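K.L.:
Line order of the protein sequences matches chains A and B. All letters in the first sequence, in the order written, are residues 75 to 387 by the numbering used here. All letters in the second sequence, in the order written, are residues 5 to 278 by the numbering used here. C-beta atoms are modelled at their ideal positions from N, C-alpha and C, and glycine is treated no differently. Fair warning: this is a prediction, and the values are worked out from it, not measured in the lab.
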Amino acid sequence: MKQYLIQKLISLLPVLFGVSLLAFVLGVITPGNPAELALSQGGYEPTPEQITEMEEQMGLDAPYPVQYLRWVGRALTGDLGTSYSTRNPVGEELARRIPVTLKLAACSITLTIILGIALGCTAAAWQGRLPDRIVGALTNTQLSLPAFWLALLLILLFAETLGWLPTSGNGGPRYMIMPALVLSSASTATAARLTRSALLEEFGKQYCTAAMARGISRWRLVLKNALPNAIVPVTAMLGNSLGGMLGGSIIVESIFALPGIGSYALSAVTNRDYPALQGYVLLTGLIYVLITLLVDTVSMLLNPKVRLGGKRI
Amino acid sequence: MKRCSFKLVFSAGLLALILLSGLLAPLIAPYDPNAIDMSVKLQGFSPAHPLGTDALGRDMLSRVLYGGRTSILLALTATALSMTFGLVLGMLGGYFGGFLDAAITALANIFQGIPGTCLMVAIAGILGPGIPNLLLALFFTSWAGFSRIVRTETLRIREEPYIEGLRSLGARSACILWKHIFPNMFTNIIVLFTTRVGRCVLSIASLSYLGLGIRPPAPDWSVMISDARLDYRSAPHLILIPGLCIFLLLLALNLLGDALRDQFDVRSREVKNL
């Protein structure tokens with residue numbers, strides 16, 4: 075198992091390298107001169123001499139590979155450059171904002187796991203009957219709702235009309251309910267569908283037929299026998315969901331005014347603040363790669379075939 | 005061929021209705037979708053303006069009719085482009101293996117190493133708003149997914165005895181790929197295309213809502229929702245109607261994808277669990 079983990083870690087290195095390269099290239103393809111952009115924030119018009127001086131200061135006169143190495147070197151020490159718009163270090167700003175995004179993602183993934191698996195089990199236990207149809211309709215709806223529209227609808231209903239929840243902002247648990255609901259909506263539906271189909275696949279196997287022949291109740295079969303086997307593909311999907319949530323947090327954070335890294339990325343885009351955007355891409359890439367590693371490890375632990383040294387399927 | 009299911013007929017019908025209303029918009033829209041008339045701003049439903057007017061007095065019905073044209077066309081183009089690219093790379097990698105496969109897989113892994121929406125916002129943000137840049141952002145974030153699925157399928161089909169037979173008969177690789185492997189994946193590709201067009205519509209809508217995609221004053225459903233950010237509390241119909249349109253379009257595409265999957269009896273696990 076240790077060997078497998080080490081192998082996995084090594085296989086992730088090229089991906090990390092590629093992600094950093096991609097983040098760097100995003101800065102290079104920026105239309106316009108970065109030195110000029112850095113100087114001209116807030117309507118200021120720099121002189122050509124100032125621009126040349128800034129170019130040297132930013133190391134833009136070096137060839138791209140050298141610039142890349144310098145950038146990665148600094149990034150490894152946590153220095154992601156200075157934001158054009160706020161003049162603050164990008165690394166510090168991201169570090170200050172990441173807890174909000176992580177809290178949001180943690181709430182959403184918890185909702186996804188609980189609701190998704192519960193809905194999937196319900197649908198599978200009553201396959202083809204009314205509960206299955208209701209779950210089917212619900213997941214289809216969830217998958218077709220754009221997050222930003224769902225967010226506005228929830229605000230309209232729960233904040234404006236009923237007054238039960240705060241419209242936006244960061245605070246106690248009440249402030250997290252709507253953002254987490256919105257962010258988890260689509261992945262809950264995916265998890266429910268996957269749980270259902272994995273359970274139905276298990277039902278077709280002999281041990282389930284045997285259990286049913288012994289007269290075991292459908293729910294007992296689902297919870298005690300089939301679910302532990304069906305959970306493996308669902309775990310693998312949750313990693314993708316977490317990645318999707320990092321992306322979705324851009325929309326959700328901006329609508330609910332949460333000061334996380336998603337809203338930071340959006341303001342970086344509006345301010346044409348490229349170091350901030352590069353830092354953001356690098357950070358999300360890193361988090362996503364770590365999530366992939368975590369999910370692989372968990373699904374390995376859940377799958378005895380792999381855990382006990384067999385071949386990975 | 006199986007009998008057409010209710011789901012298939014329903015979703016295809018809904019989709020046809022949406023496409024038709026977009027196609028016929030210039031003929032059936034009662035007003036110019038961009039005609040501003042401040043004297044009738046923020047009105048409710050009335051005979052003159054069946055779906056009311058927005059904050060600039062533009063007719064909602066006309067804007068809704070026009071509202072899907074750009075994003076549907078864009079979603080189809082972007083999906084077709086990235087799918088063709090992913091298809092070619094995936095088939096080449098899966099069939100020939102070796103260094104080529106390793107290189108393509110590595111490239112796909114890198115592009116999938118950053119969550120799609122994050123990369124899309126970054127690309128669209130750096131290149132600036134506008135249709136060509138939006139197309140690029142969509143292309144760069146979706147080709148890798150296709151390539152991966154197509155590669156897995158190619159690997160599977162390649163091991164079938166008849167392919168080995170063809171090879172031993174001396175068939176050229178290009179001929180095997182194009183005439184034998186591609187047709188075998190065709191139903192998968194149709195299902196994949198339908199589902200992905202839906203996802204692409206969703207991405208375009210999200211980016212446009214954030215101000216990074218289709219720009220105002222274009223009559224577009226997500227732009228309409230984004231425009232109404234200040235007024236939706238007093239005039240909910242400004243976000244309810246265009247949102248419902250996006251929802252129905254996505255629902256039609258998702259259901260159609262599901263129905264086609266059942267119809268064609270798709271067995272590929274990756275396509276099944278999309």
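1. Hey, PHE190 of chain B and SER86 of chain B are a contact pair by Cβ (cut 8 Å); roughly how many whole angstroms apart?
2. CB-CB under 7 Å to GLY72 of chain B, same chain, minus the five flanking residues each way: which ones, in chain order?
3. Excluding sequence positions up to five away, which residues of its chain have a Cβ less than 8 Å from the Cβ of VAL296 of chain A?
4. Pull up the DSSP beta-bridge partners for ASP63 of chain B, would you.
5. Let me know the secondary structure DSSP gives THR109 of chain B once reduced to three states.
6. What did DSSP end up calling THR156 of chain A once you bin it into helix, strand or coil?
7. May I ask you to list the residues that DSSP assigns as paired with PRO163 of chain A?
8. Name the chain A residues whose beta carbon is nearer than 9 Å to that of ALA209 of chain B?
9. So with Cβ pairs under 8 Å, would you call ASN214 of chain A a contact of chain E?
10. Once DSSP output is grouped into helix, strand and coil, what is the label at VAL372 of chain A?
11. Given that a residue counts as buried once 16 or more other Cβ atoms are within 10 Å of its Cβ, and exposed if not, what is VAL294 of chain A?
12. Give the residues from the stretch 250 to 270 of chain B that approach chain A closer than 9 Å (Cβ to any Cβ), ordered along the chain.
13. Do you know whose CA, among B:GLY132, B:ASP63 and B:ASN38, lies nearest SER50 of chain B's CA?
14. Under 8 Å between the Cβ atoms of VAL68 of chain B and LEU55 of chain B?
15. Run through DSSP, which three-state label would LEU143 of chain A get?
16. Between SER207 of chain B and ILE324 of chain A, what straight-line distance do the alpha-carbon atoms span, to the nearest angstrom?
17. ASN192 of chain B: buried (16+ other C-beta within 10 angstroms of its C-beta) or exposed?
18. Measuring only the C-alpha atoms, how far is PHE115 of chain B from LEU357 of chain A?
19. Could you tell me whether the stretch 103 to 121 of chain B touches the stretch 312 to 321 of chain A, where touching means 3 or more Cβ pairs closer than 8 Å?
20. Under the three-state reduction of DSSP, which class applies to LYS45 of chain B: helix, strand or coil?
21. If you draw a straight line from the C-alpha of ARG386 of chain A to the C-alpha of LEU159 of chain B, how long is it?
22. Between A:SER94, A:ARG203, A:PRO173 and A:ALA180, which has its C-alpha nearest LEU143 of chain A's C-alpha?
23. Hey, is the stretch 233 to 249 of chain B in contact with the stretch 358 to 369 of chain A, meaning 3+ C-beta pairs nearer than 8 Å?
24. Closer than 7 Å, Cβ to Cβ, to anything on chain B: give me those residues from the stretch 86 to 102 of chain A, in chain order.
25. By Cβ distance below 7 Å, which residues in the same chain neighbour LEU219 of chain A in space, the five residues on each side in sequence not counted?
26. Using only the alpha-carbon positions, how far apart do GLY261 of chain B and THR199 of chain B sit?
27. Taking the C-alpha atoms as reference points, what is the distance between MET128 of chain A and GLU110 of chain A?
28. Contact check, PRO253 of chain A vs LEU332 of chain A under 8 Å by CB: the rounded distance?
29. Looking at LYS11 of chain B and LEU244 of chain B, is the spacing between their C-beta atoms short of 8 Å?
30. What are the residues of the stretch 223 to 248 of chain B that lie near chain A, defined by any Cβ-Cβ distance shorter than 7 Å?
31. Using a threshold of 8 Å, state whether the C-beta atoms of LEU139 of chain B and LEU78 of chain B are closer than that.
P.N.:
So, from the data block:
1. 18 Å between Cβ atoms; not a contact.
2. ILE22, GLY26, TRP225, CYS249 and LEU253
3. CYS195, ALA198, ALA199 and LEU273
4. B:THR57
5. helix
6. strand
7. A:THR156
8. PRO220, PHE222 and TRP223
9. Absence of chain E from the displayed structure is noted, the protein chains being A and B.
10. helix
11. The amino acid at residue 294 of chain A is misidentified as Val; the sequence shows Arg. With fewer than 16 other Cβ atoms within 10 Å, it is exposed.
12. ILE250, PHE251, LEU252, LEU253, LEU254, LEU255, ALA256, LEU257, ASN258, LEU259 and ASP262
13. B:ASP63
14. yes
15. helix
16. 12 Å
17. buried
18. 15 Å
19. yes
20. coil
21. With a pLDDT of only 45 at ARG386 of chain A, under the threshold of 50, the placement of this residue in the model should not be trusted; the figure read from the coordinates follows. Looking at the two C-alpha atoms, the distance is approximately 18 Å.
22. A:SER94
23. no
24. PRO88, VAL89, GLY92, VAL93, LEU96 and LEU100
25. SER259
26. 5 Å
27. 8 Å
28. 6 Å
29. no
30. ILE229, TYR236, ARG237, PRO240, ILE243 and GLY247
31. yes
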